[in-house]
Amino acid sequence: MIAMIKRYEGLWLFVHSPAAIIAALFALLSVLGAVFAPLIASANPYDLASFSLMDGLLPPSWADGGTPRFILGTDDQGRDMVSSILYGARLSLIIGVSAMAIASILGVGLGLAAGYYGGRFDMIVMRIADIQLALPAILTALLIDGIARGLLPTDLQQDIRVVVLTLAIALSLWVNFARTARASTFVQMQKEYVQAAMIMGQRPSRVMFVHILPNILGPLLVIMTVDLASAILLEATLSFLGIGLPADSPSLGTLIRIGMQFMLSGEWWILWIPTVFLVVLVVSINILGDFLRDVFNPRLR
Amino acid sequence: MAYFILKRLVQSIFVMMAVAFLAFSLFRFVGDPITQMTGVETSVADQERLRQELGLNDPFVLQFARFTRDMLQGDFGYSYRTRQPVGEMIATRIPATLELGIVALLISLLVGIPTGVFTALRPQGFATQTILLTTLVGVSIPTFVIGILLIFLFGVQLGWLPTFGRGGTIHLGAWESSLFTINGLRALLLPAITLGVYQLTLTMRLVRAEMMEVLRSDYIRFGMARGVPMHRLYFKHALANTMVPVITIIGLQFGGVIAFSIVTESVFQWPGMGLLFLESIRFVDIPVMGVYLVVIAFFFVLVNLIVDLLYVAIDPRLRVNGTS
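Chains G and P, in that order, give the protein sequences.
Mapping of the first sequence onto this note's numbering: residues 7 to 307, in sequence order.
Mapping of the second sequence onto this note's numbering: residues 3 to 326, in sequence order.
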């Protein structure tokens, strides 16, 4: 019953928050565009046959010299910017969502167990979390990436770049989940339903995942949204630094790095269109995160 | 009091040992130092002899002890990539990064604390709402995009400020500083703002939250009831009590400043430690990566020690019972 009221209350708040609606719409459109990129995009940036050097450096269609064929213009290779962004967003979102998913499974699992068992296990997990918290996420991700470069054979590296990058991001973001899950689990452990379930002799895993987990989902959902934004930013930053994805499989960060070369020569669209898209995407996700926080934490309203 | 400091010192030593261990493991297990040092033409027997000579077959603990001893004596080994001593490579780059980081932190505090206080005192005002919205956008803009924006605006469009390098530097002993020449300061401005913006939003939000919390407390209400002038209440009593968490955050932010200096240095081609670290990752230059970690950890521990001492100076309660 309470859950239902909460759900409708959330809906009510959502309908009355224009910022959240716009943000949700943009995020939804980006996700749809990314998922259906192969169907929507006129060219495939990975496929050399689908674009031609002859179309290089065309400005967006509304600017002087633009053609309606390339709404947002083309880069120096003649790649259509719309297609590049759709495919770039696809890659960024795939990496961001999977990194966030891995981080949440790892973090929530460890946090739940730490809160449930307490004692020595809790202490070890939280110590590791503390150490990692002192290391900023980007440093952790860079380090993991550097170690992977040293450990893996060179020819293998290109193929599993995406996997390495995803894991590096996931391993630098799990701490938030672990701390939130642990704190919420502590609160739930005091409640009677958990004690009842334990007295009934249910297995710890069942108590944790069937009874406690659904009751701590609210704050975790907020962390998931915020961390999705962080994961996308982290990927973009690493790719921008040239540590992330190579230029032949451009994510949003790689597109911006490529665009930097055109900052001085007047082809502003190659730099600014992916940049603006990335920022608007991340801002939208953060606004949604803020909105969810308000819904789940009425004290702040 | 002395016990408190001693406890923190012991903790710091443990942290340093842990980081040194991490750096050593990196060095020992990621890639083989022998293949890095020798060419393809070196025979297996020669490689084995070198391995024996360098003590790489010794027990792990012994190797780690030797590694720690060398580090303490200032011998950080040689880079795989440039063959230069790592200690020198990093030492020449420390001033650039520290100056950048400190100026960025200063910007974040000098702007962040006043705006935080302002937005806490007028929570419903139009200016406050605008500032809060701006910071939300500011948090969402990645550091490198802020850098690009500033370069584009002030470097390319307006042509006011240089967009790469350190400008004119002067030598103060071994310290190469860009704080004392006009050129150097001009070159420092854009990178420092880029690095400071994110920290600024954090500082502002924290000061605001703390200040609002304090303003709700009983002693402020009592002060109001007693007729203490509002500005005295705000800027003496309330502000002093928000400073403890703010100082904690400065300690934590230092880590963030160092980490994001990697990004900022890359955007502005600022010749600091971060740029060196990036290059070392690209070329899997393990010794440089390891030493960078140790140096960063050292500064981090140092800053946090100072922060702990500042607590004692600021919060009289800590002086009374000494522990906590």
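The beta-carbon is built from N, C-alpha and C at its ideal position, and this holds for glycine as well.
Item	Value
Sequence-distant residues of its chain with Cβ nearer than 7 Å to G/Ala26 (five each side left out)	Phe20, Ile293, Leu294, Phe297
Candidates G/Ser271, G/Arg263, G/Pro280, G/Trp278, of which the one nearest P/Ser268 by Cα	G/Arg263
Outcome for P/Gln159 when other beta-carbon atoms lying within 10 angstroms are tallied against a minimum of 16	exposed
Minimum Cβ-Cβ distance from G/Arg155 to chain P less than 8 Å	yes
Simplified DSSP state of P/Trp162, which is helix, strand or coil	coil
Alpha-carbon to alpha-carbon, G/Arg299 and G/Leu306	Because G/Leu306 sits at a pLDDT of 48, beneath the cut-off of 50, its placement in the model cannot be relied upon, and the point is left open.
is_contact[G/Asn292, chain P] using C-beta, thresh 8 Å	yes
Paired residues, beta bridge with P/Ile104 - DSSP	Answer is none; P/Ile104 lacks a bridge partner.
Inter-residue Cα distance where the pair is G/Ala147 and G/Leu240	8 Å
Cα-Cα separation, P/Arg95 to P/Leu64	31 Å
Within chain P, the residues that G/Phe302 reaches when beta carbons sit closer than 9 Å	Neighbours of G/Phe302 on chain P: none; closest Cβ ~18 Å, over 9 Å.
Cutoff 8 Å: P/Ser326 Cβ touching any chain G Cβ	A caution first: P/Ser326 carries a pLDDT of 41, below 50, which makes its placement in the model unreliable, though a value can still be read off. Taking Cβ atoms only, chain G never reaches closer than 8 Å to P/Ser326, which makes this a no.
DSSP bridge partner residues for G/Asp86 (one or two, in chain order)	G/Thr80
Neighbour flag for G/Pro210 against chain P, beta carbons, 8 Å	no
Length-filtered (3 minimum) beta strand (DSSP E) runs lying within the stretch 234-271 of chain P	none
Cβ-based burial, P/Val216 [other Cβ within 10 Å; buried from 16]	buried
Three-state secondary structure assigned by DSSP to P/Ile143	coil
Residue-chain proximity (P/Leu202, chain G), Cβ-Cβ < 8 Å	no
P/Ile172, DSSP secondary structure in three states	strand
Where the beta strand (DSSP E) containing P/Glu178 begins and where it ends	177-179
Closest Cα partner of P/Phe78 within the set P/Val314, P/Ile308, P/Val290	P/Val290
Helix, strand or coil at P/Pro87 [DSSP, three-state]	strand
Separation of G/Asp136 from P/Thr325, as counted between CA atoms	Caution is warranted here: a pLDDT of 46 is assigned to P/Thr325, below 50, making its placement in the model unreliable, and no coordinate value can be reported.
Contact between the stretch 186-197 of chain G and the stretch 109-129 of chain G (3+ Cβ pairs under 8 Å)	yes
Exposure of P/Thr137, with buried meaning 16 or more beta-carbon neighbours within 10 Å	buried
Closest Cα partner of P/Tyr236 within the set P/Arg218, P/Asp72, P/Leu58, P/Ser263	P/Arg218
Min CB distance P/Ala261 to chain G below 8 Å	yes
Selection of the stretch 279-297 of chain P by Cβ proximity to chain G, strictly under 8 Å	Phe279, Leu280, Ser282, Ile283, Arg284, Val286, Ile288, Met291, Leu295
Close-in-space but distant-in-sequence residues of the same chain around G/Val200 (CB under 8 Å, 5 per side omitted)	Gln194, Val213, His217, Ile218
Within chain G, the residues that P/Val141 reaches when beta carbons sit closer than 8 Å	Asn292
Under the three-state DSSP convention, the category G/Tyr52 falls into	coil
Length at least 4, wholly inside the stretch 36-86 of chain P: the alpha helix (DSSP H) runs in chain order	46-55, 62-74
P/Ala4, DSSP secondary structure in three states	helix
Residue closest to P/Leu8, alpha-carbon to alpha-carbon, out of P/Leu311, P/Ile133, P/Ala25	P/Leu311
For P/Gln13, three-class secondary structure by DSSP	helix
Top-ranked residue by Cα proximity to G/Leu92, from G/Ala242, G/Ala105, G/Ser290, G/Leu258	G/Leu258
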